[in-house]
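J.:
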Amino acid sequence: MMEISVTFLLTGCLIQGVFCGFSISLPKRVEALQGSCVFIPCTFDIDQQYVTELTDDSKRIWYKDGNPPTVVFNSSRPDTASLKGEIFGTPTEKNCTTRFDNVRQSDEGSYYFRLEGSGRLKYNYYKVEIAVIGVVDSPPEPTVSLFKDQQKVKEVKEVTEVKEVKGVKEGSSVNLRCSTKIFCSSRPANLTWSSSPEHLLNESVTQQQRQEQTELISDLIFTVTHRHHLATFTCTVTHQLQKQNTKHKSRTLRVQYAPKNTSAHVSASGIVLEGRSVTLSCSSDANPPVLNYTWYRDTEEPLKPVQSGQNLTISNTDPTHSGRYVCTAQNEHGAQNASVMLDVQCEYQEALLIYSQSLLYQTSDFRLYTHTHIY
Numbered sequence: 029m030m031e032i033s034v035t036f037l038l039t040g041c042l043i044q045g046v047f048c049g050f051s052i053s054l055p056k057r058v059e060a061l062q063g064s065c066v067f068i069p070c071t072f073d074i075d076q077q078y079v080t081e082l083t084d085d086s087k088r089i090w091y092k093d094g095n096p097p098t099v100v101f102n103s104s105r106p107d108t109a110s111l112k113g114e115i116f117g118t119p120t121e122k123n124c125t126t127r128f129d130n131v132r133q134s135d136e137g138s139y140y141f142r143l144e145g146s147g148r149l150k151y152n153y154y155k156v157e158i159a160v161i162g163v164v165d166s167p168p169e170p171t172v173s174l175f176k177d178q179q180k181v182k183e184v185k186e187v188t189e190v191k192e193v194k195g196v197k198e199g200s201s202v203n204l205r206c207s208t209k210i211f212c213s214s215r216p217a218n219l220t221w222s223s224s225p226e227h228l229l230n231e232s233v234t235q236q237q238r239q240e241q242t243e244l245i246s247d248l249i250f251t252v253t254h255r256h257h258l259a260t261f262t263c264t265v266t267h268q269l270q271k272q273n274t275k276h277k278s279r280t281l282r283v284q285y286a287p288k289n290t291s292a293h294v295s296a297s298g299i300v301l302e303g304r305s306v307t308l309s310c311s312s313d314a315n316p317p318v319l320n321y322t323w324y325r326d327t328e329e330p331l332k333p334v335q336s337g338q339n340l341t342i343s344n345t346d347p348t349h350s351g352r353y354v355c356t357a358q359n360e361h362g363a364q365n366a367s368v369m370l371d372v373q374c375e376y377q378e379a380l381l382i383y384s385q386s387l388l389y390q391t392s393d394f395r396l397y398t399h400t401h402i403y
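Numbering-wise, the numbering used here puts 374 at position 346 of the sequence shown, and it's gapless, one number per residue.
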């Protein structure tokens with residue numbers, strides 16, 4: 029029964045035109061930039077019975093699929109190929125990684141690999157895998173992503189981008205990543221960062237850049253503060269083509285933070301007279317906005333709330349209202365205090381002061397007149 033199964037398997041391979049043990053690894057689709065080159069990573073394997081027929085003189089050939097298929101590159105005659113380029117490594121290394129130069133719009137299509145060794149080793153890999161080359165007129169914009177978990181950033185497959193509906197919390201360590209496709213590894217693009225405000229790039233920011241097989245990546249790693257709220261980071265990619273081509277992509281950060289720069293002040297300037305109305309106001313910078321403001325008198329121990337709300341209005345003041353008032357601004361991330369002094373004086377004291385100043389002026393004037401008369 030086992031012998032019948034093995035025979036059926038071998039027969040199935042031959043019916044399909046596929047030799048068992050032949051395989052190839054290459055991307056299903058690669059994008060090329062018109063006027064630039066395209067890089068196709070590729071490795072292959074052969075059936076063990078043909079190992080002795082695979083030598084470094086074996087031919088590595090690329091066909092463009094069609095009716096009929098056409099040879100576009102032959103490693104034995106690279107100068108006569110319709111697509112100029114290079115196949116890297118050697119056949120015995122089972123390497124079919126290829127670079128095609130000066131790709132045109134007419135080169136768009138499906139391609140398959142063929143191997144020709146000595147003796148019977150001749151195999152088209154189109155039954156296994158076909159690569160599709162797409163040609164674009166201009167490079168796309170770079171991609172800018174925000175990651176919050178530095179441990180996961182190291183393992184790219186597990187990274188989850190932060191969706192900034194509310195933003196990241198102050199104190200978080202973040203990674204702002206810019207990535208762009210590499211169309212031609214021999215002429216890689218260049219990535220640069222800028223920020224608004226400009227000084228943010230100079231404040232404890234670590235920049236890391238690396239080139240992978242099909243991508244160029246640049247990371248900004250830093251700890252978020254409230255000063256990053258609504259700051260914009262822009263990544264610029266420059267492609268070295270026949271004419272220099274640049275593309276930009278920006279990301280505006282939203283940061284959640286506890287109240288900052290809380291301040292309190294009195295609506296009236298100077299002395300407040302008894303019986304008058306006065307308003308104490310409190311303001312603070314926070315994201316999300318301050319949830320509540322609470323007023324306290326610091327003449328009481330422990331402090332007891334006087335009133336809630338951004339403004340505290342005292343309609344009929346008297347000297348007992350004098351003292352220091354404390355405002356507490358609070359949101360879900362924390363609280364901050366600010367204080368202001370209120371000085372309420374009796375109205376008759378103010379009138380007495382005005383009368384005394386007037387009397388002093390009249391007395392001084394009289395003395396001057398008398399002195400002048402005697403002279």
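Built from N, CA and C at the ideal position, the CB exists for glycine as well.
None of the values given here were measured: they were computed from a predicted structure.
DSSP state of LEU381, grouped into three classes?
T.: Note on LEU381: pLDDT 46, under 50, position unreliable in the model; no value is reported.
J.: Let's see if you can read the secondary structure: which residues bound the beta strand (DSSP E) around PHE250?
T.: Unbroken beta strand (DSSP E) run through PHE250: 243-251.
J.: Express the C-alpha separation of HIS256 and GLU231 in angstroms, rounding to a whole number.
T.: Spanning the two alpha carbons is a distance of roughly 11 angstroms.
J.: Bridge partners for GLN364 per DSSP, in chain order?
T.: Answer is ALA357, bridged to GLN364.
J.: Roughly how many angstroms separate the alpha carbons of PHE261 and GLY362, rounded to a whole number?
T.: One C-alpha to the other measures close to 27 angstroms.
J.: Drop a sphere of 10 angstroms on the beta-carbon of ILE299, count the other beta-carbons inside from all chains shown, and report buried for 16 or more, exposed for fewer.
T.: Its Cβ having fewer than 16 others within 10 Å, ILE299 is exposed.
J.: What three-state label does DSSP hand ARG255 in the structure shown?
T.: ARG255 falls in the helix class under three-state DSSP.
J.: By the 10 Å Cβ neighbour count, where 16 or more other Cβ atoms means buried, how is GLY63 classified, buried or exposed?
T.: So GLY63 counts as buried.
J.: Note down the Cα distance separating ALA217 from ALA292, rounded to an integer number of angstroms.
T.: Rounded to the nearest angstrom, the two C-alpha atoms are 53 angstroms apart.
J.: Return helix, strand or coil for ASN339, following the three-state DSSP convention.
T.: Correct three-state label for ASN339: strand.
J.: In whole angstroms, give me the CA-to-CA distance for THR348 and MET369.
T.: Roughly 13 angstroms separates the two Cα atoms.
J.: May I ask you to report which of helix, strand or coil DSSP gives LEU229?
T.: LEU229: helix per DSSP, three-state reduction.
J.: Can you tell me whether HIS399 is buried or exposed? The criterion is at least 16 other CB atoms within 10 Å of its CB, across all chains shown.
T.: In this prediction, HIS399 scores a pLDDT of 32, lower than 50, which makes its location untrustworthy; no coordinate-derived value is stated.
J.: Which residue comes first and which comes last in the beta strand (DSSP E) that contains GLY137?
T.: That run of the beta strand (DSSP E) goes 137-144.
J.: Using only alpha-carbon positions, find the residue among HIS227, LEU228, GLU226, ASP247 that is nearest to GLN235.
T.: Minimum Cα distance to GLN235 is reached at ASP247.
J.: By how many angstroms is the C-alpha of GLN284 removed from the C-alpha of VAL20?
T.: Shown here, the chain extends from 29 to 403; a query on residue 20 therefore has no answer.
J.: Give me, in chain order, the residues of the same chain whose beta-carbon lies closer than 8 angstroms to that of PHE116; leave out the 5 immediate sequence neighbours on both sides.
T.: Counting only Cβ-Cβ distances below 8 angstroms, and skipping sequence neighbours, we find ASN123, THR125, THR126, ARG127.
J.: Does DSSP put LYS209 in a helix, in a strand, or in coil?
T.: The answer is strand: DSSP assigns LYS209 an E or B state.
J.: With distances taken from CA atoms, which of ASN95, ARG238, PHE250 is nearest LEU228?
T.: Closest option to LEU228, Cα to Cα, is PHE250.
J.: Considering only residues of the same chain and omitting the five flanking positions on each side of GLN268, which have a CB-CB separation below 6 angstroms?
T.: Taken in chain order, the residues that qualify are ARG215.
J.: Going along the chain, which residues of its own chain have a beta-carbon closer than 6 angstroms to the beta-carbon of THR356, five neighbours each way excluded?
T.: Hits under 6 angstroms: THR322, ALA363, ASN365.
J.: Taking all protein chains shown into account, do 16 or more other C-beta atoms lie within 10 angstroms of the C-beta of ASN289, making it buried, or fewer, making it exposed?
T.: Exposed, because fewer than 16 other Cβ atoms sit within 10 Å of the Cβ of ASN289.
J.: Tell me which residue opens and which closes the beta strand (DSSP E) that LYS271 is part of.
T.: Run containing LYS271: none; DSSP gives neither H nor E here.
J.: Confirm, please, whether the CB-CB distance from ALA286 to ASN339 is below 8 angstroms.
T.: Against a cut-off of 8 angstroms, the Cβ pair of ALA286 and ASN339 comes out as no contact.
J.: Identify, in the order they occur along the chain, each residue of the same chain with its Cβ nearer than 6 angstroms to the Cβ of SER343, setting aside the five sequence neighbours on each side.
T.: Correct list, in chain order: SER305.
J.: Taking DSSP's pairing of strands, which residues face ASP75 in a bridge?
T.: None; ASP75 has no bridge partner.
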